[in-house]
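Visitor: Residue numbers (the numbering used here): 1 to 355.
The structure under discussion is supplied below as structure tokens; questions concerning it will follow.
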Ligand SMILES: [Zn+2]
């Protein structure tokens, strides 16, 4: 019953796709693993999932998959997501912990789901997925690798990334390599206009460093996605950054936390900031070859619950269609208004982080 409700909603809302709201300076198209599409074709999008990853394995083993097992598990799953109305998935598995664009393309071909892959390195997990050469290379040299993927394709293919993905470890100050990777991400943004999605969680020191470097480079906060912002308990800092233009990625939806998500999304709506949040599950279709970590709760549980909690179909369309389309616009987002970049982190929260 719930599924039918979501399908109807999708049909209605896709018919209402606005015909043109492109910024004149932005590229009209985003790269998927099947090639570029217009932003208007993104449709219903999940902005932080893993089609598959080899997180947990050693760095030299992460590119390897049993492709038969992978396809048997992931393809039927994504076909079901497609039937729930999902058009696009932003895949957040970076190089060195399991990105395989050739396999992603085959999965996309088989499921009719548009998959957007990323460039960047994953600096969380105790740095185990940072390649050795990055320690000796300059930020500029690293950015050149990522820019080359955007301009010429990934690993000899013509598949190009649609965003930059970076990560900070939870609960510890950023290290030198973390800072260097962030600098490389900023240089990549300044060259390509790709949005930077950064696994930050509730690491307030990582947040401060990011805001500092964005400010130093006069990059508008809307070039940046606060990935795993759902882990932050205090709403004030999220609302504050959203008001300044940053994207707040609430990407941990599952069946057990629907009420908490309803509460938080209501708060963003009350503050007129519904247009700054991204929703996802951080699901995984094939985690190191293991069972699926689900990514359909938004459609089976959260959306129906939103509809019974006073949200309109337009609200849902805003969060799942318009926001992803806007967040991943390919545009170098410079700002000359430094005031927008001042970030205040509530003291209580900052102290809590140090415990
Ligand atoms: Zn993730």
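In this text, a Cβ means the ideal position worked out from N, Cα and C, and glycines have one as well.
Rounded to a whole number of angstroms, what is the C-alpha to C-alpha distance between residue 335 and residue 217?
Guide: In the chain shown, residue 335 corresponds to position 335, counting from 1. In the chain shown, residue 217 corresponds to position 217, counting from 1. If I take the Cα positions, the gap works out to 9 Å.
Visitor: If I'm right that residue 320 touches residue 44 with Cβ under 8 Å, what's the distance once you round it to whole angstroms?
Guide: Indexing the chain shown from 1 puts residue 320 at position 320. Indexing the chain shown from 1 puts residue 44 at position 44. That pair is a contact at about 5 Å.
Visitor: If distances are taken between C-alpha atoms only, which option among 331, 78, 221 comes closest to residue 104?
Guide: For the purposes of this step, residue 104 is taken as residue 104 along the chain shown, with counting starting at 1. Closest option to residue 104, Cα to Cα, is 78.
Visitor: Rounded C-beta distance between residue 207 and residue 185? I'm assuming under 8 Å.
Guide: Residue mapping note: residue 207 aligns to position 207 of the chain shown, counting from 1. Residue mapping note: residue 185 aligns to position 185 of the chain shown, counting from 1. Not confirmed; about 15 Å, so no contact.
Visitor: Given the structure, does residue 282 come close to ligand 1, in the sense that its CB is under 7 Å from one of the ligand's heavy atoms?
Guide: As a working note, residue 282 is residue 282 in the chain shown. Checking every heavy atom of ligand 1 against the Cβ of residue 282, one is found closer than 7 Å.
Visitor: Out of 111, 118, 252, point me to the one whose CA is closest to residue 147's CA.
Guide: Sequence index remark: in the chain shown, residue 147 carries index 147 (1-based). The option with the nearest alpha carbon to residue 147 is 118.
Visitor: Based on Cα-Cα distance, which residue from 28, 269, 143 lies nearest to residue 190?
Guide: The residue given as residue 190 occupies position 190 in the chain shown. It is 143.
Visitor: Is it buried or exposed, residue 157, if we count other Cβ atoms within 10 angstroms and call 16 or more buried?
Guide: Position 157 of the chain shown, counted from the first residue, corresponds to residue 157. Residue 157 comes out exposed.
Visitor: Would you give the residue range spanned by the alpha helix (DSSP H) that residue 216 belongs to?
Guide: In the chain shown, residue 216 corresponds to position 216, counting from 1. Start and end: 204 to 216.
Visitor: Considering only residues of the same chain and omitting the five flanking positions on each side of residue 124, which have a CB-CB separation below 8 Å?
Guide: As a first step, residue 124 is located in the chain shown; it is residue number 124 there, counting from the start. Excluding positions up to five away in sequence, the list reads 167, 168, 169, 170, 199.
Visitor: Does DSSP put residue 82 in a helix, in a strand, or in coil?
Guide: On the chain shown, position 82 is the one that residue 82 refers to. Residue 82: helix per DSSP, three-state reduction.
Visitor: Alpha carbon to alpha carbon, how far is residue 270 from residue 66?
Guide: If you number the chain shown from 1, residue 270 lands on position 270. If you number the chain shown from 1, residue 66 lands on position 66. Between residue 270 and residue 66, the C-alpha separation is close to 47 Å.
Visitor: Would you say the region 233 to 248 touches the region 273 to 284, given that touching needs at least three Cβ pairs under 8 Å?
Guide: Yes: at least three Cβ pairs fall under 8 Å.
Visitor: Please check the pair residue 155 and residue 74, which I expect to be a contact at CB under 8 Å, by giving their CB distance rounded to whole angstroms.
Guide: Here the question's residue 155 lines up with position 155 in the chain shown. Here the question's residue 74 lines up with position 74 in the chain shown. 20 Å between Cβ atoms; not a contact.
Visitor: Which residue from 72, 83, 69 puts its Cα closest to that of residue 300?
Guide: Within the chain shown, residue 300 is the residue found at index 300, counting from 1. Among 72, 83, 69, the Cα nearest to that of residue 300 is on 83.
Visitor: Three Cβ pairs or more, each shorter than 8 Å: is that satisfied between the region 170 to 179 and the region 32 to 48?
Guide: They do not touch, by the three-pair rule.
Visitor: Taking the CB atoms as reference points, tell me whether residue 29 and residue 108 lie closer together than 8 Å.
Guide: The sequence position of residue 29 within the chain shown is 29, counting from 1. The sequence position of residue 108 within the chain shown is 108, counting from 1. The answer is no: Cβ separation not under 8 Å.
Visitor: If I measure Cβ to Cβ from residue 285 and keep anything under 6 Å in the same chain, skipping five residues before and after, which residues do I get?
Guide: Your numbering for residue 285 matches position 285 in the chain shown. So the qualifying residues of the chain are 51, 52, 74, 77, 292.
Visitor: Distance check for residue 330 and residue 323, CA to CA, integer angstroms please.
Guide: Sequence index remark: in the chain shown, residue 323 carries index 323 (1-based). Sequence index remark: in the chain shown, residue 330 carries index 330 (1-based). Whole-angstrom Cα-Cα distance: 14 Å.
Visitor: Can you tell me the Cα-Cα spacing of residue 209 and residue 41, whole angstroms?
Guide: Position 209 of the chain shown, counted from the first residue, corresponds to residue 209. Position 41 of the chain shown, counted from the first residue, corresponds to residue 41. Approximately 35 Å between the Cα atoms of the pair.
Visitor: Output the distance between the C-alpha atoms of residue 164 and residue 188, rounded to the nearest integer angstrom.
Guide: Walking along the chain shown from the start, residue 164 turns up at place 164. Walking along the chain shown from the start, residue 188 turns up at place 188. Going by the C-alpha atoms only, they are around 8 Å apart.
Visitor: Does the beta-carbon of residue 36 have 16 or more other beta-carbons within 10 angstroms, so that it is buried, or is it exposed?
Guide: Counting from one through the chain shown, the residue named residue 36 turns up at place 36. By the neighbour-count rule (16 or more Cβ atoms within 10 Å), residue 36 is not buried but exposed.
Visitor: From the DSSP output, in three-state form, read off residue 30 for me.
Guide: For this step, residue 30 is matched to residue 30 along the chain shown. Looking at residue 30 - three-state DSSP - the assignment turns out to be strand.
Visitor: What I want to know is whether the C-beta of residue 50 ends up closer than 7 Å to one or more non-hydrogen atoms of ligand 1.
Guide: As a working mapping, residue 50 is identified with position 50 in the chain shown. Yes, since a heavy atom of ligand 1 falls inside the 7 Å radius drawn around the Cβ of residue 50.
Visitor: Can you tell me whether DSSP reads residue 23 as helix, strand or coil?
Guide: Translated into the one-based positions of the chain shown, residue 23 becomes position 23. Bear in mind that the predicted position of residue 23 carries a pLDDT of just 35, short of 50, making it too unreliable to give a figure here.
Visitor: Can you name the start and end residues of the alpha helix (DSSP H) that residue 183 belongs to?
Guide: Looking up residue 183 in the chain shown gives position 183. From DSSP, the alpha helix (DSSP H) with residue 183 extends over 176 to 192.
Visitor: So, is residue 88 buried or exposed, given that buried needs 16 or more other C-beta atoms within 10 angstroms?
Guide: Looking up residue 88 in the chain shown gives position 88. It counts as buried.
Visitor: So who's on the other strand from residue 247, going by DSSP bridges?
Guide: Stepping through the chain shown from its first residue, residue 247 is reached at position 247. Answer is 225, bridged to residue 247.
Visitor: Count the other CB atoms, across all protein chains shown, that sit within 10 Å of the CB of residue 24; report buried if there are 16 or more and exposed otherwise.
Guide: Your numbering for residue 24 matches position 24 in the chain shown. Bear in mind that a pLDDT of 33 at residue 24, under 50, signals an unreliable position, so the model cannot answer this.
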